[in-house]
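Numbering of the sequence shown is given in my numbering, commencing with residue -14 and proceeding in unit increments. No residue lacks a Cβ here, since even glycine has one placed at the ideal position from N, Cα and C. First the structure, in the form of structure tokens, and then the observations on it.
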Amino acid sequence: MSILFPLGEPADPEERDERIMRKALQFAQRALDENEVPVGALVVRKGELLGRGWNQVEQLVDATAHAEMLALTQAFAAAGEKRLEGAEVFCTLEPCLQCAGALLHARVSRVVFAASDPKFGGVHSLASLFDLEKANHQLQWKAGVLAEESAEMLREFFRTKRAKPQDS
């Protein structure tokens, strides 16, 4: 798809994660602009962007059209593979149970997310799918990268939703 760091990756891993997460936040903003829950996701491997997604549940009338699922679908097509070993996924919100399961099936190596999701999070909030010893795949995960930026976007979305009168 595209090279993320045309001038080379940052030497500092924290800076690298933040730069990629900032790009994921751009896709969360796109979801927000489309009146969707503002979540964005990127699939990256060896400095190349393989897939990108943002929530499109309302637009596609599909409860499974989460940012991670759409980014994975695009990455599978770009890579021409059904497994994404060596890939990392950056998402602006902790993956739900559905998305966490899909990430395990995809065999990604690492998942980095911004804000935790106490109601639906499948990584460490509601459940801990990535830490199951009996799972057929293990991956690394990291929480909290640019969490406040993501959380503020989510708060803005839900504030706006609550302020609008609901259809009867």
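Counting only the Cα atoms, residue 56 lies some 12 Å from residue 80. Under DSSP, residue 84 shares a beta bridge with no residue. In this structure residue 123 is exposed. Its beta-carbon is surrounded by fewer than 16 other beta-carbon atoms within 10 angstroms.
DSSP places residue 111 outside both helix and strand once states are collapsed to three, so it counts as coil. Contact annotation: residue 91 and residue 68 have beta-carbon atoms nearer than 8 Å. Excluding residues up to 5 positions away in sequence, 34 lie with their Cβ nearer than 6 Å to the Cβ of residue -13 in the same chain. The distance from the Cβ of residue 112 to that of residue 139 is about 20 Å, inconsistent with a contact at the 8 Å cut-off. Scanning the region 14 to 83 for uninterrupted beta strand (DSSP E) segments of 3 residues or longer gives 25 to 30, 33 to 39 and 73 to 78, listed from N- to C-terminal end. Ranked by Cα distance from residue 142, the options 8, -6, 6 and 19 are led by 19.
The straight-line gap separating the alpha-carbon atoms of residue 77 and residue 42 is approximately 16 Å.
The continuous alpha helix (DSSP H) containing residue 143 extends over residues 132 to 148. Here residue 26 is not near residue 93, since their CB atoms are 8 Å or more apart. The beta-carbon separation of residue 24 and residue 40, rounded to 5 Å, stays under the 8 Å limit for a contact. Membership of residue 127 in the beta strand (DSSP E) is indicated by the continuous run 125 to 128. As computed with DSSP, residue 96 is found in a beta bridge with 74 and 126.
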